[in-house]
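Sequential numbering of the sequence shown, starting at 57, is according to the numbering used here.
For reference, the structure is listed below as structure tokens.
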Amino acid sequence: MNMKDFSLEGKIAWITGASYGIGFAIAEAFHAAGATIVFNDINQDLVNKGLASYAEKNIPAHGYVCDVTNEEAVQSLVKQIEKEIGVIDILVNNAGIIRRIPMIEMSAADFRKVIDVDLNAPFICAKAVIPSMIEKGHGKIINICSMMSELGRETVSAYAAAKGGLKMLTRNICSEYGEKNIQCNGIGPGYIATPQTAPLRERQADGSRHPFDQFIVSKTPAARWGNPEDLQGPAVFLASDASNFVNGHILYVDGGILAYIGKQP
Ligand code: NAP
Ligand code: GCO
């Protein structure tokens with residue numbers, strides 16, 4: 057075993073929506089493993105915020121404004137990255153949104169919006185990078201899935217439909233491009249403390265913990281929320297040569313949630 061297989065030295069990694077949160081933590085880990093970091097976000101303010109956070113950590117990241125649901129914009133960003141930095145070796149489809157609305161109250165427009173960002177955009181981004189990966193002879197695509205790739209719950213119908221679809225898109229990219237030495241895997245984070253989940257952890261008026269917060273801790277064998285840093289090792293593994301025969305797999309990083317039936321009341 058050569059430990060250099062875990063290195064990302066000389067690799068170019070594009071992480072979508074990586075100004076903060078899970079994407080930022082993954083980018084930080086990729087940088088530590090030797091990769092050049094490229095990220096995009098939906099507007100200039102977020103990109104500026106991201107650039108400042110990377111600079112604070114001495115990470116020379118390249119940041120671009122790009123809406124990942126816009127195929128034309130994504131195709132032109134990929135061309136720009138290839139011209140200015142080089143061919144993308146690693147794509148992480150991280151950008152995502154959630155709408156927590158009971159299904160029968162949800163508008164079709166809201167449902168479509170979630171599917172657009174969480175499922176259509178990973179297709180658009182993967183489609184844009186795969187041709188050059190084929191030419192270069194290798195590529196890694198990591199799709200950020202979810203507990204909701206496997207489980208449902210009240211209010212997240214669109215998100216669960218999208219993340220379940222993303223699991224199958226992952227397997228299909230593996231099926232179509234595995235022989236071109238492209239590995240496409242997913243990471244399924246458990247409940248991770250980021251702004252996306254902040255409403256589920258808000259303190260109650262009396263200072264007590266949010267009931268959902270207590271519920272998640274009791275459903276997690278590790279008995280805590282995850283941190284973005286918990287995803288760093290798994291992401292580096294899936295981006296590196298150490299995982300060259302791992303393909304079409306979803307690696308759940310959930311403190312054991314999916315293994316556990318829950319505490320008896
Ligand atoms: P997040 O709040 O989901 O943020 C992801 C980033 O993507 C944000 O900067 C967001 O901008 C950006 N974004 C949204 N729409 C975009 C678009 N059309 N084009 C480009 N960028 C866009 O942060 P997170 O909690 O770190 O989640 C990252 C990923 O992990 C998501 O796919 C999420 O579904 C997944 N995930 C999260 C958890 C969790 O517990 N936090 C668990 C499992 C999976 P805005 O700030 O403007 O929205
Ligand atoms: C929710 C949460 C989840 C998480 C995550 C779980 O409302 O249930 O937001 O969907 O964000 O994706 O893995």
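Where a beta carbon is used, it is the ideal one built from N, C-alpha and C, also for glycine.
All values reported here derive from a predicted model rather than from experimental measurement.
query, result
"Residue span of the alpha helix (DSSP H) that contains C201, given as start and end", "C201 -> no alpha helix (DSSP H), and no H or E assigned at all."
"Residue-chain proximity (H87, chain B), Cβ-Cβ < 8 Å", "The structure shown contains no chain B; it is built from a single protein chain."
"Best match in E84, Q131, A88, T250 for proximity to P43 [C-alpha to C-alpha]", "A query on residue 43 cannot be resolved here, the shown segment of the chain reaching from 57 to 321 and no further."
"Cβ pair D174, Y215 closer than 8 Å", "yes"
"Beta bridge counterpart(s) of P277 as assigned by DSSP", "P277 pairs with nothing; no bridge assigned."
"8 Å Cβ cutoff met for A13 and F95", "Only positions 57 to 321 of the chain appear in this structure, which leaves residue 13 out of reach."
"DSSP state of T125 mapped onto helix, strand, coil", "coil"
"8 Å CB neighbourhood of Q100 in its chain, flanking five on each side removed", "V121"
"Residues near I141 in its chain [Cβ-Cβ closer than 8 Å; skip 5 each side]", "I68, T92, V94, H118"
"The region 195–211 in contact with the region 240–251 per 3-pair CB rule at 8 Å", "yes"
"Q100 beta carbon near the ligand NAP (any heavy atom closer than 7 Å)", "no"
"N114 - DSSP class collapsed to helix/strand/coil", "coil"
"For G77 and P284, believed in contact at Cβ under 8 Å, the rounded distance", "6 Å"
"Segment contact, 8 Å Cβ cut-off, at least three pairs: the region 219–232 with the region 264–282", "no"
"Residues bridged to D97 [DSSP beta-bridge criterion]", "V121"
"Where A69 sits in the DSSP three-state scheme", "strand"
"Segments of 3+ residues assigned as beta strand (DSSP E) that fall wholly inside the region 216–261", "238–245"
"Pair within 8 Å by beta-carbon distance, S188 and E138", "yes"
"Cβ-Cβ distance between N176 and I71 below 8 Å", "no"
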